[in-house]
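As numbered in mature numbering (1 follows the signal peptide of the UniProt record, and there is no 0), residues -24 to -1, 1 to 299 make up the sequence shown, in order.
Think of the CB as a built atom: it goes at the ideal place given N, C-alpha and C, for glycine as much as any other residue.
Structure first, then comments.
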Amino acid sequence: MNFKRTLLAAALPLMFTFTGAAQALQLKFADIHPAGYPTVVAEENMGKTLTKETNGELTFQYFPGGVLGSEKEVIEQMQVGAVQLSRVSLGIVGPVVPDVNVFNMPFIFRDHQHMRNVIDGAVGDEILDKITNSEFGLVALAWMDGGTRNVYTKKPVRKLEDLKGMKIRVQGNPMFIDMMNAMGGNGIAMDTGEIFSALQTGVIDGAENNPPTLLEHNHFQNAKYYSLTGHLILPEPIVMSKITWEKLTPDQQALVKTAAKAAQAEERVLWDKKSAASEEKLKAAGVEFIEVDKKPFYDATASVREKYGAPYADLIKKIEAVQ
């Protein structure tokens, strides 16, 4: 795809330039989520730990709230070494590193705890390695918990049929578009930063995400119905520019990996607190949380799992075997 080829062409000449002795580095850490969001707090603490453990050889600047651009734009900057670290959604990685799509399939995890058990084990490490060893130009370090994604809309969705014809924003991955279309909606891909105005102006009828995102990005102001479909439970990798990674000494690389895994554990605790608090705030703001029968949504997306699942048959078996 053009996105991939263009970025690789820009990145490859640089990837072999930065070798030799360790040097003091200031690293930019970007996230589309706002300050105080669980991923951002964990990232900041990861940076502080690394600055201390490297005796100031690694220092960090933090850019939450999407100030360096959309996730796609940040990845482009990382691939040429202009941004060093980020937490990114798997939706944008999937088209370039196909194996991660096993985590992107609707209802691949039995529940939230099952997802956590998977990413904490051998399967989670295997997917990180697949990202790192791809031509994406990024080193995948650890997992953040992106929560369970549900549909939020301007009009209530109480059953599968209510979703019919609604324009619902999804991440820019063909699988997610197919998923939403299979459930009867009309999947519309757009960047996170565009959702608020699109809801406000009627370009879309809703979107799908977790409670903290619904709250922190103020989407609840225009979408007051939150239907608990649980169609996706998405982990999100912390990634480092491969150009930057190759500047680090082996000792620094080991410290970065350890700090990233610690951030994975810390973010999970922060996530549970944030998610519960967000749900309370959303309900207080008039958002209706709607319990739905998930089975019709699961059944409706069977064709998506069949279409995309064949290349990942072995991985799917491993995921299903995790208790």
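Check                                                                                                                                       : Outcome
With L114 as the anchor, note down where its alpha helix (DSSP H) starts and where it stops.                                                : Careful: L114 lies outside any alpha helix (DSSP H), inside the beta strand (DSSP E) at 114 to 129.
Can you give the Cα-Cα distance for E19 and G163, rounded to whole angstroms?                                                               : 31 Å
I need the DSSP call for G100, collapsed to helix, strand or coil.                                                                          : helix
Which of the three DSSP states, helix, strand or coil, is assigned to M215?                                                                 : Checking the displayed sequence, the identity of residue 215 turns out to be Val instead of Met. Of the three classes helix, strand and coil, the one that applies to V215 here is strand, per DSSP.
Skipping 5 residues on each side, what residues in its chain have a beta carbon closer than 7 Å to that of F172?                            : H193, N194, H195
Once the 5 residues before and after A(-4) are set aside, which same chain residues still bring their CB inside 6 Å of it?                  : Caution is warranted here: a pLDDT of 49 is assigned to A(-4), below 50, making its placement in the model unreliable, and the coordinate value is therefore given only provisionally. There are no such residues.
Give the straight-line distance between the Cα atoms of E255 and I180, rounded to the nearest whole angstrom.                               : 23 Å
Would a C-beta distance cut-off of 8 Å place I107 and V69 closer than the cut-off?                                                          : yes
State yes or no: is the C-beta of N186 within less than 8 Å of the C-beta of T124?                                                          : yes
Is it the case that the Cβ atoms of E184 and I144 are separated by a distance below 8 Å?                                                    : yes
I need the boundaries of the alpha helix (DSSP H) containing R134, first residue and last residue.                                          : Counting along the chain, R134 falls outside any alpha helix (DSSP H), and DSSP gives it neither H nor E.
In the DSSP assignment, find the beta strand (DSSP E) that holds I266 and state where it starts and stops.                                  : 264 to 266
Identify whether D23 lies in helix, strand or coil by the three-state DSSP scheme.                                                          : Sequence inspection shows Gly at residue 23; the Asp mentioned does not correspond to that position. Helix at G23.
Is E264 near K200, with beta carbons less than 8 Å apart?                                                                                   : yes
According to DSSP, what are the bridge partners of Y38?                                                                                     : F5
Hey, would you say A165 sits closer than 8 Å to Q176, going by beta carbons?                                                                : no
Would you kindly work out how many angstroms separate the C-alpha atoms of Q55 and R63, rounded to a whole number?                          : 14 Å
With three or more beta-carbon pairs closer than 8 Å as the criterion, would you say the stretch 212 to 227 touches the stretch 283 to 296? : no
Decide if Q89 is buried, meaning its Cβ has at least 16 other Cβ atoms within 10 Å, or exposed.                                             : exposed
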